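Trainee: Heads up, this note's numbering is the position in the sequence shown plus 30, with the first residue counted as 1.
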Amino acid sequence: MAKPGDTPRAATTAALDALDFALDRGSPVPLYYQLAQQLEAAIEHGALAPGNLLGNEIDLSIRLGLSRPTVRQAIQTLVEKGLLVRRRGVGTQVVHSQVKRPLELSSLYDDLEAAGQGPATRVVRNETVPASADVAAALSLPEGTPVTLLERLRLAHGQPVALLCNHLPTDLLDLAGDRLESTGLYRLLRTAGVTLHSAHQTIGARSATAEEAARLDEQEGAAVLTMQRTAYDDTGRPVEYGSHIYRASRYAFDFQLLVRP
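1. Assuming contact is defined by CB atoms lying nearer than 8 Å, are Glu-211 and Val-153 in contact in what I supplied?
2. Pick helix, strand or coil for Ser-149, following the three-state DSSP scheme.
3. Distance, Cα to Cα, Pro-38 vs Val-224?
4. If you reduce the DSSP assignment to three classes, tell me which class Pro-34 lands in.
5. Give the DSSP-derived three-state secondary structure of Ala-229 in the structure shown.
6. Could you check the C-alpha separation between Cys-195 and Tyr-63 for me, to the nearest Å?
7. What are the uninterrupted segments assigned as beta strand (DSSP E) that are 3 or more residues long and contained completely in the region 219–279, given in chain order?
8. Would you check if the distance between the CB atom of Tyr-276 and the CB atom of Ala-150 is smaller than 8 Å?
9. By DSSP, does Leu-171 sit in helix, in strand, or in coil?
10. Just mark Val-177 as buried or exposed, buried being the case when its beta carbon has 16 or more other beta carbons within 10 Å.
11. Taking the CB atoms as reference points, tell me whether Ile-73 and Val-124 lie closer together than 8 Å.
12. Along the beta strand (DSSP E) that carries Pro-199, what are the first and last residues, could you check?
13. Can you give the Cα-Cα distance for Leu-90 and Ile-105, rounded to whole angstroms?
14. Give the C-beta separation of Thr-260 and Pro-268 to the nearest angstrom, bearing in mind that I take them to be a contact with Cβ-Cβ under 8 Å.
15. Using DSSP with H/G/I as helix, E/B as strand and the rest coil, what is Arg-93?
16. In terms of residues, what are the limits of the beta strand (DSSP E) holding Leu-114?
17. Confirm, please, whether the CB-CB distance from Gln-68 to Phe-51 is below 8 Å.
18. Taking C-alpha atoms, which residue in Pro-172, Leu-198, Ser-279 and Thr-213 lies nearest to Gln-189?
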């Protein structure tokens, strides 16, 4: 385990020493691919953290008992996936793991937690506002009705992943205090006795505005995924309208498609 004051390279050396690379030289799967897959799994589960530096190809080949071309090809595979980056004068560095989220009625916080992504939340706004026409239509309320507005920045392993904007009926649950920084909205809804049943969701993509890019640690105009969702409880009542944006460089929706009988 890395200790306070450890450099990123020292922390990575300790992390690599703790990893058990199971490379099967008799397998038809190329060694570089086996190594790339296991390094990717270590990044996704936080064993190798963003900012950690990997040793050079010679050091890694000696450490792992592999040829230098094999190690180079494995690293290049992860560079092309955006998980590693080669920096002049620094070396190969872990950037992040991409969040792949199943397309189902679930909380981003819960999905990140289940995937070992170390979720955290910064609450940007938590206030009562008049419902706009779009929000009122989604929540089946008269326009101008007071609703709760939540704006949150969601992080994984300390890196911004998404900007979340949610509107809810004010009588649904008490969102005072710092509870939203330590858990997900849907978990709070369940705790309040709200049973989520279904949702209507639309997914799109666009370029980030200057303000969005600054909060998401991206360049202005970077690609973002968008999602609008209206969630309903088991009585059919709309309980939440969400309008979210996600960093396309760090986030993907995962679909399973079936042939209709």
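We put the CB at the ideal spot given by N, CA and C, even for glycine. Remember, it's a predicted structure, so these values are computed and weren't measured experimentally.
Mentor: Let me lay it out:
1. Along the sequence shown, read from residue 1 onward, the residue named residue 211 stands at position 181. Along the sequence shown, read from residue 1 onward, the residue named residue 153 stands at position 123. Yes, these two residues count as a Cβ contact at 8 Å.
2. Locating residue 149 in the sequence shown gives position 119, where the first residue counts as 1. A quick correction: the sequence has Pro, not Ser, at residue 149. Note: Pro-149 maps to strand in three-state DSSP.
3. The sequence position of residue 38 within the sequence shown is 8, counting from 1. The sequence position of residue 224 within the sequence shown is 194, counting from 1. For Pro-38, the pLDDT reaches just 45, beneath the cut-off of 50, and the residue's location in the model is therefore unreliable, leaving the point undetermined.
4. Counting from 1 along the sequence shown, the entry for residue 34 is found at position 4. With a pLDDT of only 45 at Pro-34, under the threshold of 50, the placement of this residue in the model should not be trusted; the figure read from the coordinates follows. Look at Pro-34 here: in three-state DSSP terms it is coil, with no helix or strand label.
5. Within the sequence shown, numbered from 1, the residue matching residue 229 stands at position 199. Ala-229: strand per DSSP, three-state reduction.
6. Translated into positions along the sequence shown, residue 195 becomes position 165. Translated into positions along the sequence shown, residue 63 becomes position 33. Between the alpha carbons of Cys-195 and Tyr-63 lies a gap of roughly 40 Å.
7. Complete beta strand (DSSP E) runs here, min 3: 226–237, 253–263 and 268–277.
8. Reading the sequence shown from its first residue, position 246 is the one you call residue 276. Reading the sequence shown from its first residue, position 120 is the one you call residue 150. Contact flag unset, no.
9. For the purposes of this step, residue 171 is taken as residue 141 along the sequence shown, with counting starting at 1. Coil at Leu-171, not helix or strand.
10. The sequence position of residue 177 within the sequence shown is 147, counting from 1. Result: buried.
11. Taking the first residue of the sequence shown as position 1, residue 73 is located at position 43. Taking the first residue of the sequence shown as position 1, residue 124 is located at position 94. When the beta-carbon positions are compared, Ile-73 and Val-124 come within less than 8 Å of each other.
12. Along the sequence shown, one-based indexing puts residue 199 at 169. Annotation for Pro-199: the continuous beta strand (DSSP E) segment containing it runs 189–199.
13. For the purposes of this step, residue 90 is taken as the residue at position 60 of the sequence shown. For the purposes of this step, residue 105 is taken as the residue at position 75 of the sequence shown. A direct Cα-Cα distance of roughly 10 Å separates Leu-90 from Ile-105.
14. Residue mapping note: residue 260 aligns to position 230 of the sequence shown, counting from 1. Residue mapping note: residue 268 aligns to position 238 of the sequence shown, counting from 1. With a Cβ gap of about 6 Å, Thr-260 and Pro-268 count as contacting.
15. Indexing the sequence shown from 1 puts residue 93 at position 63. Three-state result, Arg-93: helix.
16. As a position in the sequence shown, residue 114 is number 84, starting the count at 1. Taken as a continuous stretch (DSSP letters only), the beta strand (DSSP E) holding Leu-114 covers 114–117.
17. Numbered from 1 along the sequence shown, position 21 holds the residue referred to as residue 51. Numbered from 1 along the sequence shown, position 38 holds the residue referred to as residue 68. Yes; because the gap between Cβ atoms is below 8 Å, this pair is in contact.
18. Here residue 189 is taken as the residue at index 159 of the sequence shown, counted from 1. Closest by alpha carbon: Ser-279.
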